[in-house]
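Student: Taking our numbering, the leading residue of the sequence shown gets 1, the next gets one more, and so forth. From the three backbone atoms N, C-alpha and C, an ideal C-beta is built for every residue, glycine too. Sharing a structure below in structure tokens format, with a few things to ask.
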Amino acid sequence: MSMMEKYRKIPLLTKLLVAMVIGIILGAVFGEKINVIKPLGTIFLNLLKMAALPLIVVNLISGISSLDDPKIFGRVGIKIMFYYCITTVVAIVLGLLLGTVLQPGKGFVLQGTYDQAIETIPSFGDTIVGLIPSNIFASLTNGKFDQIVVFSAFVGVAMLFVKKEDRVVLKSGVDSLANLFNKLVGIIMGYAPIGICALMACTVGTYGAQLGGFLAKYLGASYVCVDSNSSIWRFTYSFWKV
């Protein structure tokens, strides 16, 4: 078995963890000089952004259009929206509570300045209007995920109402695109260890010793928050089953 075949059999998570460790070591050893490899990390981020939007569009359209009856989508959609709203509220409250108590970012100073005006909180009506894209191409260009999701949902629902023969052709094309972009993401994730290593190395090289206690505190707070949220929903699910 060749070295490449052995490497391919290693789980992606293991590769990413090893890449992070190597990045931390490189950043600690070379300091800010390691920023010379920053383009490798930027390339990885750009690749993810490149694939994310079309991946969301085609997979969402494919999933909705696979339903045989629009009424099924209505019932499932209401349940999903209710679940999404409840879980989002719980996550926000839990995050704010633990962030206030643990203060994971306290004492950490970011480099650079921010001189842009802070926008006002939009009203409920403006929020709803903002979900509807007036130009889907502008939404794709500006990365408006909420508008892209809404557009994809409308397209998926519209496919349920077209003639059966047309729906079959459209569904086949969308499914093929979904498979294509899933494969594309798989290829990009093959580059992920290099990108993660470069990003971690540049971060450690730039901020240095500041990351020591901060990073441990931040990761600890993140794990506490995630575990608390998971525990709440596991308890809720078990209670609901009873």
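What are the start and end residues of the alpha helix (DSSP H) that includes residue 53?
Tutor: Element bounds for residue 53: 38–65.
Student: Rounding to the nearest angstrom, what Cα-Cα distance links residue 135 and residue 64 in this structure?
Tutor: Distance between the alpha carbons of residue 135 and residue 64 is about 22 angstroms.
Student: Just verifying my parser: in three-state terms, what is the DSSP assignment at residue 2?
Tutor: Here residue 2 sits in coil by DSSP.
Student: Throw me the rounded Cβ distance for the residue 178 and residue 62 pair, which I believe falls under 8 angstroms.
Tutor: The pair is a contact, with the Cβ atoms about 5 angstroms apart (cut-off 8 angstroms).
Student: Can you find the residues in the same chain that come closer than 8 angstroms, C-beta to C-beta, to residue 5, ignoring five residues on each side of it along the sequence?
Tutor: No residues qualify anywhere along the chain.
Student: Under the rule that 16 or more other beta-carbon atoms within 10 Å means buried, what is residue 27, buried or exposed?
Tutor: Classification of residue 27: buried, given that the 10 Å Cβ count is 16 or more.
Student: In this structure, does DSSP put residue 68 in helix, strand or coil?
Tutor: Looking at residue 68 - three-state DSSP - the assignment turns out to be coil, as it is neither helix nor strand.
Student: Span of the alpha helix (DSSP H) holding residue 173?
Tutor: Per DSSP, residue 173 belongs to the alpha helix (DSSP H) from 164–207.
Student: What first and last residue would you give for the alpha helix (DSSP H) that runs through residue 15?
Tutor: Per DSSP, residue 15 belongs to the alpha helix (DSSP H) from 12–30.
Student: Just the C-alpha distance for residue 68 and residue 123, rounded to the nearest angstrom, thanks.
Tutor: Cα to Cα, residue 68 sits roughly 37 angstroms from residue 123.
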